[in-house]
Amino acid sequence: MLTQFEHFAVTEMMGKSDSPPRANGTFCFSSEWERKSFGMALALAKNGYFEWDDFRDELIAAIGNWEADHSVDRSSWNYYDHFLSALEMAVIKAGIVDSEEIMAAFATCST
Amino acid sequence: MSERFIYCEDREAYSTARVRALEALLIKKGVITERTVDTVLEFFETKMGPFNGAKIVARAWVDPAFRERLLADTPKAIAELDLPDGMAGAEGEHMRAVANTPGVHNLIICTLCSCYPWPVLGLPPYWYKDPTFRSRAAREPRAVLDEFGLPLAKNIKIKVWDSSAQIRWFVVPERPEGTDAMWEGELEALVTPEAMMGVAVSKAT
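Here is the structure:
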């Protein structure tokens, strides 16, 4: 039997620096935007819009940069801040949307 | 209200707006639909996860004959239950259940997370892949369980099972005392992934 993409994608993250927060066998989403970020990234990779590994490279780099800048005070850490930034970067790099479109959509949504 | 709280609240609103914007844009372009996120996460939230293990254990608690069948031929017994398709698939086909008894406590470990029986237990915790945990759990399980808040009496034998590509183990914990009046669905809520890994026991509340 073929392994499900969802299983493969998440298993690859386990034990690595980009492994998502989890407890009691499930993901820990502290709000809906975190859940949606994760679901969108997984769905886009599953449907071939970008490679999951490429997305993870963005995420790992974002996490690494944050850690280098916050070697002492890590109280502002939120995994999904970096996840969302990596997702935005991935959709732009994949040519699905450009940054102007994202800015325009954000302006609409934040008013 | 502290400054930090205001900052966090703003950041939360900012992130919410960013995700809403991205989702709206991707829907408008026909890349995803409003159902996409729910569909992809359904796999973790309703199909493959610790809720399956909880159902299996609760059934074993209320049905001694099922418990025997589960220990004798785990995949066959699991197939009796109304669980999602795929339970007997890539990760489920080699599953083996071991049951705790008053004199024996079981603990499962594994080297690779790909060997974790996640259709039953869900996603592995952080420490599970930690080489220190694994080697110490194999060498001195009693000390490790004590650190997990599970001190076991000297007369209780501890068996450690190392999951591999061939066999993925999970533990059937003992049914907690004082739960005789509870029905199967209530009992499911008492079964945690940690209890099915053997680093905890099930408790009545």
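Sequence lines, in order, name chains A and B. Under numbering that gives the first Met the number 0, the first residue of the first sequence carries the number 0, and numbering increases by one thereafter. Under numbering that gives the first Met the number 0, the first residue of the second sequence carries the number 0, and numbering increases by one thereafter. C-beta atoms are modelled at their ideal positions from N, C-alpha and C, and glycine is treated no differently. The structure presented is a predicted model; accordingly, all values stated were derived computationally and were not measured.
Taking the C-beta atoms as reference points, A104 of chain A is found nearer than 8 Å to A23 of chain B. Close to chain A, meaning a Cβ-Cβ distance shorter than 9 Å, are the following residues of the stretch 18-39 of chain B: V18, R19, A20, L21, E22, A23, L24, L25, K27, K28, V30, I31, T35, V36, D37, T38, V39. Contiguous beta strand (DSSP E) elements confined to the stretch 43-73 of chain A do not occur, taking only those with 3 or more residues. DSSP, read as helix, strand or coil, puts L106 of chain B in strand.
In the three-state reduction of the DSSP assignment, I91 of chain A falls in the helix class. In this structure, G184 of chain B lies away from L120 of chain B, with their beta-carbon atoms at least 8 Å apart. Across the structure, P49 of chain B and V9 of chain A are spaced so that their CA atoms are roughly 16 Å apart.
For K156 of chain B, the uninterrupted beta strand (DSSP E) segment begins and ends at 156-162. Counting along the chain, the unbroken beta strand (DSSP E) around A98 of chain B starts and ends at 94-98. Within the same chain, and ignoring the five residues on either side of R66 of chain B in sequence, the residues whose Cβ sits closer than 6 Å to its Cβ are A59. Collapsing the DSSP output to three states places R174 of chain B in coil. About 4 Å separates the beta carbon of R68 of chain B from that of A76 of chain B, a gap short enough to meet the 8 Å contact definition. Under the three-state reduction of DSSP output, W126 of chain B falls in the helix class.
In chain order, M13, G14 make up the part of chain A whose C-beta sits under 7 Å from the C-beta of K128 of chain B. For N23 of chain A, there is no enclosing alpha helix (DSSP H), since its DSSP letter is neither H nor E.
Leaving aside the five residues that flank C27 of chain A on each side, the residues in its chain whose CB is nearer than 7 Å to its CB run, in chain order, P20, R21. Beta-carbon to beta-carbon, F7 of chain A and S36 of chain A are separated by about 19 Å, too far to satisfy the 8 Å threshold. The residues A203, in chain order, have a CB closer than 6 Å to that of G177 of chain B in the same chain once the five nearest residues on each side in sequence are set aside. Among the residues facing chain B, K92 of chain A is not included, as its CB has no counterpart in that chain under 8 Å away. Between R133 of chain B and I157 of chain B, the gap from beta carbon to beta carbon reaches 8 Å or more. DSSP places R167 of chain B in the strand class (E or B) of the three-state scheme. Annotation for D145 of chain B: the continuous alpha helix (DSSP H) segment containing it runs 140-146.
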